[in-house]
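Data first, discussion second: the structure below is written as structure tokens.
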Amino acid sequence: MHPNQILIERFYTAFQQKDFRTMQQCYHPEVRFSDPVFPKLKGAEAGLMWEMLLTRSTDLTLTFGNVQADYRSGSCDWEATYTFSATGRKVRNVIHAEFLFKNDLISRHDDRFSFYDWSSQALGLTGKLLGWSRFLEEKIQRKAAEGLHKFIQKQTQS
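Anchor point for the sequence shown: position 34 equals 34 in UniProt numbering, and the numbering is continuous, going up by one each time.
Encoded structure:
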């Protein structure tokens with residue numbers, strides 16, 4: 001098994017155990033993360049995003065598989081099931097992750113999933129009606145960025 005494949009498995013095993021510190025240690029200090037909700041995170045923001053999500057989560061379950069990697073890149077399929085705290089609605093999100101590596105750490109992490117499917121589950125009727133629209137996606141991205149910014153401020157003050 002390639003060392004970067006082991007790194008991806010370490011990251012997702014830590015994720016399953018809600019061990020955000022180990023997840024953060026898997027990231028390069030200059031990591032770039034992107035997904036439909038958090039499209040442009042850099043450096044410590046990425047690890048702090050996982051910390052925020054995991055410390056707020058009450059019922060997250062996660063599975064992963066199809067882990068592949070070589071010296072330069074890798075990928076993984078994973079699925080998260082949880083209650084979206086803003087609405088109390090159950091979400092089952094199916095995600096494909098792609099990675100780039102630098103100095104034996106994850107330097108780029110891109111999660112791809114259907115925003116429409118996610119918003120339909122997380123937001124109910126609003127997501128079903130507007131989940132296809134850039135308007136709703138940008139609104140969710142703004143709220144997510146604000147929430148992360150507040151979380152980071154709180155972390156730096158304590």
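All residues carry an ideal CB built from backbone N, CA and C; glycine is no exception. If you're wondering where the values come from, they're calculated on a predicted model, not measured in any experiment.
Residue i: buried (16+ other C-beta within 10 angstroms of its C-beta) or exposed?
| i | result |
| --- | --- |
| Phe-38 | buried |
| His-109 | buried |
| Tyr-71 | exposed |
| Met-1 | exposed |
| Asn-103 | exposed |
| Phe-135 | exposed |
| Leu-129 | exposed |
Using a Cβ-Cβ cut-off of 6 Å (strictly less than) and excluding sequence neighbours within five positions of residue i, which residues of its own chain qualify?
| i | result |
| --- | --- |
| Phe-18 | According to the sequence as given, residue 18 is Lys; it is not Phe. The residues are Leu-54. |
| Val-67 | Gln-5, Ile-8, Glu-9 and Cys-76 |
| Gly-131 | Tyr-116, Ser-119 and Ser-120 |
| Glu-98 | Ser-75 and Asp-110 |
| Leu-100 | Ser-73, Ser-107 and Arg-108 |
Could you give the DSSP three-state label for residue i: helix, strand or coil?
| i | result |
| --- | --- |
| Gly-147 | helix |
| Pro-29 | strand |
Could you pull out every residue in the same chain whose Cβ sits closer than 7 Å to the Cβ of residue i, ignoring the five residues on either side in sequence?
| i | result |
| --- | --- |
| Ala-144 | Val-37 and Phe-38 |
| Ala-122 | Phe-84, Thr-87, Arg-89 and Val-91 |
| Pro-29 | Gly-43 |
Residues in its own chain within less than 8 Å of residue i by CB, not counting five upstream and five downstream?
| i | result |
| --- | --- |
| Gly-124 | Thr-87 and Arg-89 |
| Trp-50 | Phe-15, Phe-20, Met-23 and Gln-24 |
- Task: Would you check if there are 3 or more beta carbon pairs closer than 8 Å linking the segment 100-117 to the segment 129-141?
- Result: Short answer: they touch.
- Item | the segment 78-92 contacting the segment 57-64, beta-carbon criterion three pairs below 8 Å | These segments touch.
- Task: Would you list, in sequence order, the uninterrupted alpha helix (DSSP H) runs of no fewer than 4 residues that lie entirely inside the UniProt domain "SnoaL-like" (8-109)?
- Result: Here the runs fully enclosed are 20-25 and 44-56.
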